[in-house]
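Engineer:
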Amino acid sequence: MSLLQLFKISSGALIANKSRSALTILGIVIGISSIIMVMSIGKGAEGLILGQIQGIGSKTISVEPGREPKGPADFAEMFVDSLGDRELDALMKKSNVRGASSFTPFVIQPMTVSYGSETKRGSVIGTAPDIFRIFDLSPDEGTVFSEDDVKSLSSVVVLGANIKEDLFGLSDAVGEKVKIKNRTFRVMGVMGKKGQVSFLNMDDMIIMPYTTAQSYLMGIDYFHNIIVEAESEDLIDETVSDIEATLRELHDITDPEKDDFHVNTQADAAEIVGSITGVLTALLVAVAAISLLVGGIGIMNIMLVSVTERTREIGLRKALGATSEDILTQFLLEAVILTGAGGVIGIGFGSLLSFLAAIVLSQFVASGWVFVFPLSAALVGLFISAAIGLGFGIYPAKEAASKDPIEALRYE
Numbered sequence: 090m091s092l093l094q095l096f097k098i099s100s101g102a103l104i105a106n107k108s109r110s111a112l113t114i115l116g117i118v119i120g121i122s123s124i125i126m127v128m129s130i131g132k133g134a135e136g137l138i139l140g141q142i143q144g145i146g147s148k149t150i151s152v153e154p155g156r157e158p159k160g161p162a163d164f165a166e167m168f169v170d171s172l173g174d175r176e177l178d179a180l181m182k183k184s185n186v187r188g189a190s191s192f193t194p195f196v197i198q199p200m201t202v203s204y205g206s207e208t209k210r211g212s213v214i215g216t217a218p219d220i221f222r223i224f225d226l227s228p229d230e231g232t233v234f235s236e237d238d239v240k241s242l243s244s245v246v247v248l249g250a251n252i253k254e255d256l257f258g259l260s261d262a263v264g265e266k267v268k269i270k271n272r273t274f275r276v277m278g279v280m281g282k283k284g285q286v287s288f289l290n291m292d293d294m295i296i297m298p299y300t301t302a303q304s305y306l307m308g309i310d311y312f313h314n315i316i317v318e319a320e321s322e323d324l325i326d327e328t329v330s331d332i333e334a335t336l337r338e339l340h341d342i343t344d345p346e347k348d349d350f351h352v353n354t355q356a357d358a359a360e361i362v363g364s365i366t367g368v369l370t371a372l373l374v375a376v377a378a379i380s381l382l383v384g385g386i387g388i389m390n391i392m393l394v395s396v397t398e399r400t401r402e403i404g405l406r407k408a409l410g411a412t413s414e415d416i417l418t419q420f421l422l423e424a425v426i427l428t429g430a431g432g433v434i435g436i437g438f439g440s441l442l443s444f445l446a447a448i449v450l451s452q453f454v455a456s457g458w459v460f461v462f463p464l465s466a467a468l469v470g471l472f473i474s475a476a477i478g479l480g481f482g483i484y485p486a487k488e489a490a491s492k493d494p495i496e497a498l499r500y501e
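Following the numbering used here, the numbering of the sequence shown begins with 90 at its first residue and continues without gaps.
Right, dumping it as structure tokens:
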């Protein structure tokens with residue numbers, strides 16, 4: 090008997106029991122849908138984060154205090170004081186770091202800012218004027234502070250769009266005075282809507298000279314970060330090596346394992362993000378795959394019940410000339426068709442849910458979130474569906490093929 094004929098017979102048997110077939114593949118549909126959703130959302134999140142990282146330029150290098158965190162136990166390393174004015178001065182010497190074009194100190198701390206009776210929680214960023222160019226920021230109103238403001242510890246701020254809106258509403262903010270920790274600051278400028286830039290929501294920031302933030306608000310003499318710009322992408326590796334060599338010499342460090350600082354490039358950050366999202370996605374996919382296993386067991390169970398119910402049909406077909414191989418192939422085809430249909434439906438349903446989730450996330454989480462159709466996951470899902478059909482359908486198929494035609498015809 091030809092494969093086409095067997096396919097028609099298998100399809101007819103499944104169509105004749107629509108309800109049972111639909112319930113049988115439910116586990117497969119749920120499993121494949123879950124995998125598509127997890128992969129799609131994971132890729133969307135990865136793309137969003139990478140876009141934010143790359144938003145500060147491919148030539149940007151981040152120098153941070155403490156050894157590079159390897160786990161939760163290293164979280165406190167972020168707050169060590171190994172980067173200060175001495176380190177900044179050493180790095181800024183052209184003879185020490187040859188490929189760098191700028192160095193921007195950076196300190197940050199959540200604080201409350203107030204104007205009259207209005208208050209708003211935001212993050213104070215203490216930095217240098219170069220930050221506006223690096224983050225591609227420009228004020229909608231007013232201007233930004235200068236190097237002279239940094240040197241003179243000027244009490245001036247540039248407000249993010251959300252901070253301005255919450256404190257001043259539609260009124261002008263430039264020239265007005267706001268208070269942070271009982272100290273008065275003059276508003277020099279207001280930023281336009283910017284959103285996320287490298288994990289920072291610029292709309293909730295209060296930006297001021299780093300000397301002002303250190304001395305008057307935070308009471309520290311070190312930096313949380315030094316942002317270095319290389320003259321070109323080709324000089325990034327050389328610049329990183331010079332930074333590491335300069336800081337090790339300054340701190341009398343001979344063993345790189347004992348570094349009290351760490352240096353990250355945008356490529357490093359992208360690799361770390363890719364690794365993290367990859368591991369999380371893999372774990373979630375593994376959890377979702379459990380439903381595929383349950384679905385496969387359900388298919389085997391239903392197929393065994395089907396074999397028992399169709400014993401007389403099997404006996405009649407064998408009596409009319411069907412071979413055991415024909416019966417085996419028919420029941421295997423039924424299992425594969427069921428799981429294949431479940432895979433296709435699961436891909437479609439999962440894609441639809443992922444698309445709707447992307448719309449919701451773009452509205453309420455991040456405007457840059459986009460829908461990503463995980464083609465590789467769809468192809469793998471189809472393959473897994475077919476494999477489950479074969480794997481869990483072969484035992485019921487063998488049971489059907491092994492029935493004696495005479496005994497099968499006598500079955501009640």
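Note that CB positions come from ideal geometry on N, CA and C, so glycine has one too.
Could you tell me if Thr273 is buried or exposed, where buried requires 16 or more neighbouring beta carbons within 10 angstroms of its beta carbon?
Structural biologist: Classification of Thr273: exposed, given that the 10 Å Cβ count is below 16.
Engineer: Apart from the five residues on each side of it in sequence, which residues of its chain come closer than 7 angstroms, Cβ to Cβ, to Leu336?
Structural biologist: Excluding sequence neighbours, Leu336 sits near Glu176, Phe350.
Engineer: Taking only three categories from DSSP, how would you classify Ile197?
Structural biologist: Reduced to three states, the DSSP call for Ile197 is strand.
Engineer: Which residues in the same chain have their Cβ closer than 6 angstroms to the Cβ of Phe221, if we skip the five residues on either side of it in sequence?
Structural biologist: Around Phe221: Val233.
Engineer: Which runs of the alpha helix (DSSP H), 4 residues or longer, sit entirely within the stretch 395 to 476?
Structural biologist: Taking only runs of at least 4 residues, the alpha helix (DSSP H) segments lying wholly in the stretch 395 to 476 are 400 to 408, 413 to 453.
Engineer: Taking buried to mean at least 16 other C-beta atoms within 10 Å of its own C-beta, is Phe444 buried or exposed?
Structural biologist: Phe444 should be labelled exposed.
Engineer: My assumption, with CB atoms under 8 angstroms, is that Ile117 sits in contact with Leu468. Please give the rounded CB distance.
Structural biologist: The Cβ separation is near 16 angstroms, so there is no contact.
Engineer: Between the Cα of Lys240 and those of Val267, Val461, Ala217, Lys183, spot the shortest distance and give me the residue it belongs to.
Structural biologist: Taking only the C-alpha atoms, the option nearest Lys240 is Ala217.
Engineer: Would you check if the stretch 281 to 296 and the stretch 239 to 258 touch, i.e. whether three or more CB-CB distances between them fall below 8 angstroms?
Structural biologist: Yes, they touch.
Engineer: Quick one: using the 10 Å Cβ neighbour count with 16 as the cut-off for buried, is Lys132 buried or exposed?
Structural biologist: With 16 or more other Cβ atoms within 10 Å, it is buried.
Engineer: Enumerate in chain order the residues of its own chain whose CB-to-CB distance from Asp238 is below 7 angstroms, with the five nearest sequence positions on each side excluded.
Structural biologist: So the list reads Val245, Pro298, once near-sequence residues are dropped.
Engineer: Taking Ala111 as part of the alpha helix (DSSP H), name the residues at either end of that continuous run.
Structural biologist: From DSSP, the alpha helix (DSSP H) with Ala111 extends over 107 to 113.
Engineer: Taking the alpha carbon of Ala475 as the reference point, which residue from Gln94, Ile114, Ser108 has its own alpha carbon closest?
Structural biologist: Taking only the C-alpha atoms, the option nearest Ala475 is Ile114.
Engineer: Taking DSSP as the reference, what is the three-state secondary structure of Val233?
Structural biologist: In the structure shown, Val233 sits in coil (DSSP, three-state: anything other than H, G, I, E or B).
Engineer: Give me the residue from Glu153, Lys209, Ile125 with the minimum Cα distance to Val317.
Structural biologist: Ranking the options by Cα distance to Val317, first place goes to Glu153.
Engineer: Entirely within the stretch 254 to 305 and at least 3 residues each: give me those beta strand (DSSP E) ranges in chain order.
Structural biologist: The qualifying runs are 266 to 269, 272 to 280, 294 to 298.
Engineer: Rounded to whole angstroms, what is the Cα-Cα separation between Val376 and Val127?
Structural biologist: Each residue's alpha carbon lies about 10 angstroms from the other.
Engineer: State the Cα-Cα distance for the pair Thr301 and Gly215, rounded to the nearest angstrom.
Structural biologist: If you take the alpha carbons of Thr301 and Gly215, they lie about 7 angstroms apart.
Engineer: When we look at the beta-carbon of Thr503 and count the other beta-carbons within 10 Å, is it buried (16 or more) or exposed?
Structural biologist: This structure does not reach residue 503, given that the chain is present from 90 up to 501, and the question cannot be answered.
Engineer: Hey, out of Leu422, Leu256, Arg156, whose CA is closest to Leu479's CA?
Structural biologist: Checked all of Leu422, Leu256, Arg156; the closest Cα to Leu479 is Leu422.
Engineer: Measuring CA to CA, which of Asp255, Lys282, Ser206 is closest to Ser227?
Structural biologist: Nearest C-alpha to Ser227: Lys282.
Engineer: Hey, Val213 and Ile124: beta-carbon distance below 8 angstroms or not?
Structural biologist: Against a cut-off of 8 angstroms, the Cβ pair of Ile124 and Val213 comes out as no contact.
Engineer: Taking only the alpha-carbon atoms, compute the straight-line gap between Ser171 and Gly155 and give it to the nearest angstrom.
Structural biologist: Going from the Cα of Ser171 to the Cα of Gly155 covers about 7 angstroms.
Engineer: For the beta strand (DSSP E) containing Ser151, list its first residue and its last residue.
Structural biologist: Counting along the chain, the beta strand (DSSP E) containing Ser151 begins and ends at 149 to 154.
Engineer: Using the beta-carbon count (16 or more within 10 Å), is Ser184 buried or exposed?
Structural biologist: That one is exposed.
Engineer: Mapping the DSSP letters down to three states, classify Val329 as helix, strand or coil.
Structural biologist: Looking at Val329 - three-state DSSP - the assignment turns out to be helix.
Engineer: Start and end of the alpha helix (DSSP H) containing Ile220?
Structural biologist: It spans 219 to 223 - the alpha helix (DSSP H) in which Ile220 sits, taken as one unbroken run.
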